[in-house]
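**Q**
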Amino acid sequence: MRKRKMRPPKVEMEFTDLNLTAYGGSSILAQTARQFGLFELLDEAVRVKVRNRGASDTETLWALIACLARGDGALSDLDALRADPVARILLGLDNVPESRRAGEWLGRLRTGDVKGLWQAARRFAERVAPLIVSHEVETKGYVPVFIDATGIEVDGALFERARKDYEGRRGYWLHATFLGGLWSAGQLCPGGGRVTLNWRTLLEWTAGMVPADTPVWLRADNAYYKGDLVRTCAARGWDYSISLTNDTWRRPVLEQLAGLPDAAWTDLGMEEEAIFATHRPEGWDTQQHYVVIRRRTQHGQGLLVPHHTVILVSRADLPLQELVLRHRGKQGQENAFKGPLIDLDLHHPPCRGYRANQAFYALGWIAQVLLRAVQFTALPKRARKHGLRPVIRHVMRTAAYMVRSARRLCVRFAKTNFRLDWLYQAMVSLEARAPPSASVS
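Mapping of the sequence shown onto the working numbering: residues 8 to 448, in sequence order.
(1) Buried or exposed: which applies to His182, given that a residue is buried once 16 or more other Cβ atoms fall within 10 Å of its Cβ?
(2) DSSP three-state label for Cys358, please.
(3) Taking the alpha carbon of Val55 as the reference point, which residue from Asn26, Val103, Leu113, Phe43 has its own alpha carbon closest?
(4) Any heavy atom of the ligand FMN closer than 7 Å to the Cβ of Val53?
(5) Under 8 Å by Cβ, that's how I've got Leu430 and Val398 pegged, so tell me the actual separation to the nearest angstrom.
(6) Rounding to the nearest angstrom, what Cα-Cα distance links Leu261 and Thr252 in this structure?
(7) Only counting runs of 4 or more residues, tell me where the alpha helix (DSSP H) segments fall wholly within the segment 39-127, in order along the chain.
(8) What span of residues does the alpha helix (DSSP H) with His334 cover, start to end?
(9) Roughly how many angstroms lie between the CA atoms of Gly178 and Phe367, to the nearest whole one?
(10) Let me know if Ser448 comes out buried or exposed under the rule of 16 or more other beta-carbons within 10 Å of its beta-carbon.
(11) Report the partner residues of Ser412 according to the DSSP bridge assignment.
(12) Helix or strand or just coil, what does DSSP make of Leu36?
(13) Alpha carbon to alpha carbon, how far is Asp155 from Tyr30?
(14) Within the chosen definition, does the segment 135-144 reach the segment 160-172 through at least 3 CB pairs nearer than 8 Å?
(15) For Glu279, name the three-state secondary structure that DSSP assigns.
(16) In whole angstroms, what is the alpha-carbon distance linking Trp245 and Val152?
(17) The beta strand (DSSP E) that contains Asp246, what's its start and end?
(18) Just reading off the beta strand (DSSP E) that Val150 is part of, what are its end residues?
(19) By Cβ distance, which residues of its chain are closer than 7 Å to Leu82, with the 5 residues on each side in sequence left out?
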């Protein structure tokens with residue numbers, strides 16, 4: 008068979024004066040933000056500027072959020088937005104600060120401003136949360152809540168309040184809770200401290216977003232194996248499951264299983280078997296239930312030492328397999344936690360000042376909630392099974408052509424777009440709820 012040689016055509020390159028943008032989804036983002044009252048929340052959040060010139064406080068905040076929602080997590084991305092008049096118009100931005108000015112502006116924020124942004128983010132998440140709660144109850148029968156912390160690495164030794172973590176990496180701790188796939192609460196905290204710092208505050212913020220009598224299942228890792236956390240969940244009527252990886256804490260549970268016959272174990276399939284156990288940790292009020300998963304073979308090969316996984320669970324009235332499946336759903340929420348870091352480019356803080364970085368990650372929280380609002384209100388229902396990356400790639404980063412006609416703005420998308428059904432649904436949804444005086448369609 009003859010090999011066909013690749014012969015790309017010779018293409019001449021030119022510039023055009025057409026009103027094109029690589030971020031046609033800016034219109035969808037801005038209209039969704041207006042629908043949920045985000046701009047009013049930003050107006051109340053901070054008071055930094057004194058002189059009425061250049062970008063206002065709200066414009067600076069909105070420009071940063073819009074960049075993050077497009078997956079652009081560097082301050083220098085503001086300069087690209089400044090050079091894109093079409094995106095600025097679609098976002099409603101008269102002024103966009105230069106990246107250097109934005110960094111200086113973030114450096115002027117104080118503790119009260121950061122708390123104001125946290126409050127704005129929390130109130131905004133409260134407005135979007137009913138969509139996620141309804142979806143989770145409809146699909147799972149309960150609302151999964153995930154609490155965790157992740158290290159935010161920094162390069163260099165000049166970052167304020169950055170410390171080494173238990174793995175020797177220098178940086179901060181980002182503490183967060185997730186309601187389904189929604190970032191419901193979060194705080195950037197100093198490095199080197201406790202992994203579980205401020206967990207009560209985060210759970211309190213999240214609990215305020217869940218209607219009373221809604222079944223909730225909290226998932227957590229070994230660091231949250233705490234009597235206080237268990238008592239808090241019990242007081243709220245929440246179920247929970249927590250991984251135990253600390254050998255000291257696992258030992259009393261595993262010792263109970265020594266010598267039990269194989270018939271006592273329940274086969275889960277996939278070379279796994281499980282059993283219930285009970286134990287009362289020292290200092291705790293009541294006996295606790297545990298699920299122990301044993302694996303004696305892997306890929307058909309026998310293991311020299313069986314591998315055990317121990318999970319603290321709040322209920323023993325459900326089948327073992329159901330409890331294991333519910334807890335392992337934690338992986339999906341862990342991926343949702345990775346989403347803001349990877350998809351929104353939040354892996355590295357942009358500023359050396361601690362308060363400035365706290366504010367920047369609060370804006371990342373708002374951007375994540377805004378993308379979820381777009382996903383659940385503007386896109387087809389089947390799009391909800393995806394993470395944020397496809398929403399950014401196929402909606403936010405969609406090339407578009409803006410035209411003015413009869414004193415109105417119109418955004419035209421190419422019919423060759425991969426997610427044309429998403430864009431069509433967004434058009435229909437936004438037009439259906441747009442006020443008569445709307446200037447962007």
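Here a beta-carbon is modelled for each residue, glycine too, at the ideal position from N, C-alpha and C.
Values in this document were obtained by computation on a predicted structure and should not be read as measured data.
**A** On the basis of the coordinates in this document:
(1) Reading the sequence shown from its first residue, position 175 is the one you call residue 182. Flag for His182 reads buried.
(2) Counted from its first residue, the sequence shown places residue 358 at position 351. Here Cys358 sits in coil by DSSP.
(3) Here residue 55 refers to the residue found at position 48 when the sequence shown is read from its first residue. Selected option, being the one with the closest Cα: Leu113.
(4) The ligand FMN is absent from the structure shown, which contains no ligands of any kind.
(5) One-based indexing of the sequence shown puts residue 430 at position 423. One-based indexing of the sequence shown puts residue 398 at position 391. Incorrect: roughly 12 Å between the Cβ atoms, too far for contact.
(6) The count along the sequence shown starts at 1 and reaches residue 261 at position 254. The count along the sequence shown starts at 1 and reaches residue 252 at position 245. Those two C-alpha atoms are separated by around 12 Å.
(7) Listed in chain order, they are 45-52, 64-76, 84-89, 92-98, 106-114.
(8) The residue given as residue 334 occupies position 327 in the sequence shown. Its alpha helix (DSSP H) spans residues 327-335.
(9) The count along the sequence shown starts at 1 and reaches residue 178 at position 171. The count along the sequence shown starts at 1 and reaches residue 367 at position 360. Taking the straight line from one Cα to the other gives about 15 Å.
(10) Residue mapping note: residue 448 aligns to position 441 of the sequence shown, counting from 1. Reliability of the predicted coordinates at Ser448 is poor, the pLDDT of 36 falling under 50, and the value obtained from them is presented with this limitation in mind. Its Cβ having fewer than 16 others within 10 Å, Ser448 is exposed.
(11) Working through the sequence shown from its first residue, we reach residue 412 at position 405. BP columns for Ser412 point to Arg415.
(12) Taking the sequence shown and counting its residues from 1, one reaches residue 36 at position 29. In the structure shown, Leu36 sits in a helix (DSSP, three-state: H, G or I).
(13) Residue 155 sits at position 148 when you count from the first residue of the sequence shown. Residue 30 sits at position 23 when you count from the first residue of the sequence shown. Cα to Cα, Asp155 sits roughly 32 Å from Tyr30.
(14) In the pairwise beta carbon analysis, the segment 135-144 is classified as not touching the segment 160-172: fewer than three pairs are separated by under 8 Å.
(15) Here residue 279 refers to the residue found at position 272 when the sequence shown is read from its first residue. Note: Glu279 maps to strand in three-state DSSP.
(16) Counting from one through the sequence shown, the residue named residue 245 turns up at place 238. Counting from one through the sequence shown, the residue named residue 152 turns up at place 145. Approximately 10 Å, taken between the alpha carbons.
(17) Locating residue 246 in the sequence shown gives position 239, where the first residue counts as 1. Counting along the chain, the beta strand (DSSP E) containing Asp246 begins and ends at 246-251.
(18) Sequence index remark: in the sequence shown, residue 150 carries index 143 (1-based). Note, Val150: beta strand (DSSP E), 150-160.
(19) Here the question's residue 82 lines up with position 75 in the sequence shown. Spatial neighbours of Leu82 in its own chain (CB-CB distance under 7 Å, excluding positions within 5 residues in sequence) are listed in chain order as Ser106, Ala109, Gly110, Pro357.
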